Amino acid sequence: MRAALLLVLTVYFVSQCDGGELSSLCTQPPSKWCSSLDTAIQCGVLKQCLMSNFTRSHPKEDPVQVALYYESLCPGCRLFLTEMLFPTWLLLNEFMSVTLVPYGNAREKPDGQKYVYECQHGEEECLGNMIETCLLNMTEMAFPIIFCMESSTDVLKSAQSCVQLYSPQLSWDTVMGCVKGDLGNQLMHQNALKTEALNPPHDYVPWITVNGVHTDDLQQKASTSLFSLVCGMIKGTKPEACGGSQNKHYRSYCHNK
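The sequence shown maps to residues -19 to -1, 1 to 238 in mature numbering (1 follows the signal peptide of the UniProt record, and there is no 0).
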């Protein structure tokens, strides 16, 4: 209760100091502002909720490990990441860890000391994958930035502004230096190796593993309600959030041809 109160107070005062105004869509009391992704957005405090989450907590021992193998421009991947994975993590980040692997159905070919990539949705997707890969290596705010990108109408055009919003200390030039340089190339190679090592091999994306395991049943449950799946796998005392319902159903795939 004390932690929840501190979170609400932090969000309220930071919002006021930032000159924020409550949206007319915000009908919830302050104690509920960070209770869901929709409420945080409607009340104009998503950034403050995220920052409070990062400063107040870290995953507990033995968290539920959710890994998402995806592509930056795959419609089904974007839908799952923004409407299922991120909202679940926002509520349960103390009890789950999230691993993002942007690569999906891409193809890798060696070219001297480097690698060249061909992506399912073209060169723009390769660039999106590379930007997100570099962000994951450069800032602990990578997931909120990637959510910001993937939930926008244009993933690539929003990237710089999303970085400025959630990680203003990280310069865009630094990000692009990684994207265009040897570091980004090697990081993407590691994503290729991780994806190619999947057992069973992925047939489509989004491809979801839970605690390192992929089955058709886990994929179906994660696609139906990742929130309920994670809540059911938390060991020990369940968080208060698990008493509610977050059922949604998203199942759209980009198949590996």
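Yeah, the Cβ is synthetic: ideal placement off N, Cα and C, and Gly gets one too.
Only a predicted model underlies this, so the values are computations on that prediction, with no experimental measurement involved.
Nearest-angstrom beta carbon gap, residue j and residue i [assumed within contact, 8 Å]
i: Val191; j: Gln46; result: 7 Å
i: Val79; j: Phe128; result: Not confirmed; about 11 Å, so no contact.
i: Cys235; j: Gly57; result: 6 Å
i: His170; j: Tyr96; result: 5 Å
i: Leu73; j: Pro220; result: 6 Å
i: Ser17; j: Pro68; result: 7 Å
i: Val186; j: Leu54; result: So it is not a contact: roughly 11 Å between Cβ atoms.
i: Ile215; j: Phe61; result: Incorrect: roughly 21 Å between the Cβ atoms, too far for contact.
Cα-Cα separation, residue i to residue j
i: Thr205; j: Tyr51; result: 18 Å
i: Gln94; j: Ala173; result: 16 Å
i: Thr63; j: Thr20; result: 15 Å
i: Ala178; j: Ser12; result: 44 Å
i: Glu42; j: Ala203; result: 22 Å
i: Tyr98; j: Pro91; result: 9 Å
i: Glu131; j: Arg59; result: 6 Å
i: Asn237; j: Asp197; result: 16 Å
i: Gln23; j: Cys7; result: 5 Å
i: Gln140; j: Trp14; result: The residue you asked about is not Gln; residue 140 is Ala in the sequence shown. Going from the Cα of Ala140 to the Cα of Trp14 covers about 26 Å.
i: Ser209; j: Ala222; result: 10 Å
i: Leu199; j: Leu71; result: 21 Å
i: Leu207; j: Cys143; result: 25 Å
i: Asp163; j: Glu113; result: 15 Å
i: Gly103; j: Gly158; result: 21 Å
i: Lys175; j: Leu168; result: 11 Å
i: Gln29; j: Leu108; result: 29 Å
i: Leu31; j: Cys100; result: 31 Å
i: Gly213; j: Gly193; result: 16 Å
i: Gln9; j: Leu27; result: 14 Å
i: Gln201; j: Glu89; result: 29 Å
Closest by C-alpha distance to residue i, when choosing among the options
i: Lys138; options: Glu105, Ser12 and Tyr98; result: Glu105
i: Met65; options: Lys219, Glu113 and Ile189; result: Ile189
i: residue 248; options: Asp184, Ala140, Cys115 and Ala203; result: The shown model of the chain, from -19 to 238, leaves out residue 248, and the question about it has no answer.
i: Met111; options: Leu146, Val156, Lys202 and Ser209; result: Val156
i: Pro44; options: Ala222, Gly217 and Asn237; result: Gly217
i: His183; options: Gln29, His102, Ala87 and Pro10; result: Ala87
i: Val211; options: Ala48, Leu168 and Ile126; result: Ala48
i: Ile126; options: Gly213, Leu146 and Pro10; result: Leu146
### Task
Quick one: which unbroken beta strand (DSSP E) runs of 3-plus residues sit fully inside the stretch 139 to 216? Chain order, please.
188 to 191
### Query
Quick one: any contact between the stretch 147 to 164 and the stretch 116 to 124, if contact means 3 or more CB pairs under 8 Å?
yes
### Message
So within the stretch 16 to 97, which uninterrupted beta strand (DSSP E) runs reach at least 3 residues, ignoring any that extend past its ends?
### Response
45 to 51, 77 to 83 and 88 to 92
#### Entry: Contact the stretch 213 to 227 vs the stretch 83 to 92: 3+ CB pairs below 8 Å
no
### Query
What are the complete beta strand (DSSP E) segments, minimum 3 residues, inside the stretch 103 to 128?
none
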